[in-house]
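Enquirer: Have a look at this one.
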Amino acid sequence: MKLAGCLRDWCSVGSRNEVIPTSQPRTPDAMAALGITVALLVWMVSLLVISFWRQILSSWNLPPGPFPLPIVGNFFSVDLKDVPKSLNKLAERFGPVFTLHLGFNRIVVLHGYKAVKEGLLKYKNEFSGRADIPAFKEHENKGVIFNNSHTWRDVRRFSLSILRDHGMGKQGNEERIQREARFLVEELRKTQGQPFDPTFLIGCAPCNVIADILFNRRFDYNDRTVHRLMRLFNEDFHLLSTAWVQLYNSSSGYLRFLPGSHRKLLKNVSEIKQYTLEKAKEHLQSLDLNCPRDVTDCLLVEMEKEKHSKEPVYTLESIAVTLADMFFAGTETTSTTLRYGLLILMKYPEIEEKLHEEIDRVIGPSRVPAVKDRLEMPYMDAVVHEIQRFINLVPSSLPHEVMRDIMFRGYRIPKGTVVIPALDSLLYDSQEFPEPDKFKPEHFLNENGKFKYSDYFKPFSAGKQGPRVMLSWVTSSTPHFHSLSVLPSLQHGPHPVLPCPGLYVEHDLSMFLPVQRS
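Residues in the sequence shown are numbered consecutively from 14, following the numbering used here.
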């Protein structure tokens with residue numbers, strides 16, 4: 014009792030002379046911060062568990078592949094700066110059919126001739142869907158390239174038919190290309206042998222060919238509008254191959270609000286579509302239903318036929334997207350291939366010389382080249398094909414989507430799975446093309462020096478999705494021949510193309526990494 018009294022007296026004295034520190038009650042702000050922190054931790058742990066569980070369930074009986082990490086999946090197994098090389102290494106490890114998880118997206122890769130052919134031809138109906146590409150969100154379910162709605166077959170079929178009606182693949186289109194080739198030669202001569210950047214000059218030629226078909230007009234080579242369009246096309250093609258945009262295409266839900274190059278790409282895509290929309294509106298004002306002048310008029314005529322339909326296929330918006338698809342695909346694939354072709358001929362002057370000799374012998378210095386000349390120009394044909402093989406412009410094609418659950422080579426591939434055919438595995442097959450990393454026109458020549466076609470030559474795609482990309486192929490195959498055939502007009506001057514042995518030809522487009530539809 015005495016001890017307790019002493020302690021009480023000592024504490025009372027101490028309380029009068031000094032402050033004893035005590036724990037303060039938590040403020041509302043501190044409690045709120047603690048609650049948010051706990052909620053975030055719970056959310057992250059739940060997300061990890063759900064992601065891990067979903068990946069386990071979705072991987073059942075799928076083709077083999079690297080083990081996916083929660084949330085990020087196999088992002089660390091893929092070099093976004095060189096996706097084709099990463100896929101080649103994975104194919105060596107897991108075989109010709111393997112699975113990747115990029116975030117929450119499930120992707121099956123077809124690698125090698127047999128797997129790609131089986132997938133795109135034998136299973137062409139099952140693999141006929143188009144995966145979502147967020148960078149082209151404005152084109153989703155419209156047009157001919159990114160359309161995955163029930164209307165895409167009809168739109169594709171009608172688009173191909175009107176392209177043919179307006180000269181595509183016919184003599185009328187050849188005359189159009191020949192005329193533009195003469196304009197191109199005159200513009201090149203104006204440089205008077207001085208160094209210049211050929212990017213926009215060469216791009217204007219195919220741009221004018223496709224503009225004549227779509228809008229019944231051609232641009233002057235100094236026109237600011239065509240230079241702006243070419244700059245947009247060129248910039249979009251470059252941005253699509255950047256690591257950030259590929260990351261955005263596979264994880265747009267997380268990245269769409271952040272700054273980055275994807276915003277520039279989205280703005281460019283919108284500007285191109287706005288241009289084609291304005292052209293469609295201009296055509297509508299002077300439209301003659303009985304006498305369509307070009308592809309735009311034909312699409313507008315169909316729109317007028319569906320005017321009273323509850324679910325019209327053709328609207329001004331969908332027509333603008335269709336025109337933008339054709340314009341971009343028909344222009345940029347051709348101009349990019351031609352630029353690469355010139356670089357390659359600069360690097361290999363001995364090939365350019367042999368090409369020059371064949372052109373002189375068959376066409377001569379004054380006559381305009383014609384498609385029929387290809388039959389007598391096997392070396393030119395081989396060079397054109399080898400350029401497209403070597404540059405590997407679209408190494409993975411556009412991604413497909415499985416339309417229903419299927420069994421493929423003993424593996425279960427669920428509906429909605431994204432399928433990527435690795436076309437570079439065909440174009441760089443060492444059995445079909447010995448020394449595939451070297452530029453050799455002999456890859457397409459037989460022992461007698463005659464042109465030989467290879468079934469491995471798939472520079473764009475095959476199967477039911479092939480006709481969508483074929484829109485660009487149809488518009489770009491003949492211009493390659495005509496444009497390279499104008500060399501005699503350019504090489505007789507005092508300044509021939511100088512060899513550039515140190516020139517390195519770098520691929521522009523790496524790959525489309527898509528988003529799996531929910």
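Even glycine gets a Cβ: it sits at the ideal position worked out from N, Cα and C.
Only a predicted model underlies this, so the values are computations on that prediction, with no experimental measurement involved.
Which full runs of the beta strand (DSSP E) of 3+ residues lie inside the stretch 399-440, going along the chain?
Expert: 419-421, 424-426 and 431-435
Enquirer: Among the residues of its own chain, which have a CB less than 8 Å from the CB of K286, if the five just before and after it don't count?
Expert: E151, H152, A333, V334 and A337
Enquirer: W257 and S274 - do their beta-carbons sit closer together than 8 Å?
Expert: Yes, the Cβ-Cβ distance between S274 and W257 is below 8 Å.
Enquirer: Run through the DSSP bridge pairs and tell me what I332 is partnered with.
Expert: None; I332 has no bridge partner.
Enquirer: Which residues share a DSSP beta bridge with G142?
Expert: BP columns for G142 point to E414.
Enquirer: Can you tell me the Cα-Cα spacing of M14 and T40, whole angstroms?
Expert: Low per-residue confidence applies at M14: pLDDT is 46, beneath 50, and the placement is therefore not dependable, though the value from the model is reported in the following sentence. Taking the straight line from one Cα to the other gives about 40 Å.
Enquirer: Please return the same chain residues whose Cβ sits closer than 8 Å to the Cβ of V129, not counting the five positions on each side in sequence.
Expert: Excluding residues within five positions, the ones whose Cβ falls inside 8 Å are L123, P434, A435, L436, S438, L439, K471 and A475.
Enquirer: Just list the residues that DSSP pairs T164 with in beta bridges.
Expert: According to DSSP, T164 bridges with nothing at all.
Enquirer: Helix, strand or coil for G86 per DSSP?
Expert: DSSP, read as helix, strand or coil, puts G86 in strand.
Enquirer: Can you tell me the Cα-Cα spacing of G116 and R143, whole angstroms?
Expert: 19 Å
Enquirer: Per the contact definition of three or more C-beta pairs closer than 8 Å, is the stretch 370-381 in contact with the stretch 416-434?
Expert: These segments do not touch.
Enquirer: May I ask which residues mark the beginning and end of the alpha helix (DSSP H) holding F457?
Expert: Counting along the chain, F457 falls outside any alpha helix (DSSP H), and DSSP gives it neither H nor E.
Enquirer: Beta strand (DSSP E) containing V122: first to last residue?
Expert: N118 to H124
Enquirer: Considering just the uninterrupted stretch of the alpha helix (DSSP H) at H251, what are its terminal residues?
Expert: R237 to L252
Enquirer: Does the distance from the C-beta atom of I426 to that of G354 stay below 8 Å?
Expert: no
Enquirer: Report the rounded CA-to-CA distance for D178 versus N160, giving the unit in angstroms.
Expert: 23 Å
Enquirer: Go through the stretch 350-400 residue by residue and report every complete run of the alpha helix (DSSP H) that reaches 4 residues or more, in order.
Expert: 362-375
Enquirer: Measuring straight from C-alpha to C-alpha, what distance separates F140 and R119?
Expert: 15 Å
Enquirer: Would you report the Cα separation of Y327 and P362, rounded to the nearest angstrom?
Expert: 50 Å
Enquirer: What does a CB cutoff of less than 7 Å around E248 pick up in its chain, not counting 5 residues either side in sequence?
Expert: N281
Enquirer: Is the beta carbon of F246 less than 8 Å from the beta carbon of T344?
Expert: T344 sits close to F246, with the two beta carbons spaced by under 8 Å.
Enquirer: Within a Cβ cutoff of 6 Å, which residues of the same chain sit near P449, ignoring the five residues on either side of it in sequence?
Expert: Y441 and S443
Enquirer: Would you kindly work out how many angstroms separate the C-alpha atoms of G216 and M243, rounded to a whole number?
Expert: 7 Å
Enquirer: The alpha helix (DSSP H) spanning H296 covers which residue range?
Expert: S274 to Q298
Enquirer: Have a look at E370, D418 and R402 and flag the residue whose alpha-carbon is nearest the alpha-carbon of Y466.
Expert: R402
Enquirer: Leaving aside the five residues before and after L197 along the sequence, list all residues of the same chain whose C-beta is less than 6 Å from its C-beta, in chain order.
Expert: A218
Enquirer: For H114, name the three-state secondary structure that DSSP assigns.
Expert: strand
Enquirer: Checking the sheet assignment: what are the DSSP bridge partners for F464?
Expert: Per the DSSP secondary-structure output, F464 pairs in a beta bridge with L458.
Enquirer: Hey, out of M44, L278, A342 and N405, whose CA is closest to P147's CA?
Expert: Nearest to P147 by alpha-carbon distance, out of M44, L278, A342 and N405, is L278.
Enquirer: Pull up the CB-CB distance for P408 and P97, whole angstroms please, since I reckon it's below 8 Å.
Expert: 4 Å
Enquirer: Could you compute how far the alpha carbon of H456 sits from the alpha carbon of A104?
Expert: When rounded, the distance between both Cα atoms is 24 Å.
Enquirer: In chain order, what residues of the same chain have a beta carbon less than 7 Å from the beta carbon of P480, not counting five sequence neighbours either side?
Expert: Residue placement at P480 cannot be trusted, given a pLDDT of 45 that sits under 50; what the coordinates show is reported in the next sentence. Same-chain partners within the cutoff: R169 and L173.
Enquirer: Following the continuous alpha helix (DSSP H) through G614, name the residue where it begins and the one where it ends.
Expert: Coverage of the chain is limited to positions 14 through 531, which leaves residue 614 absent and any answer about it impossible.
Enquirer: Look up S322 in the DSSP assignment and say whether it is helix, strand or coil.
Expert: Coil at S322, not helix or strand.
Enquirer: Nearest by alpha-carbon distance to S90: which of P83, I84 and S99 is it?
Expert: S90 has its Cα closest to that of S99, out of P83, I84 and S99.
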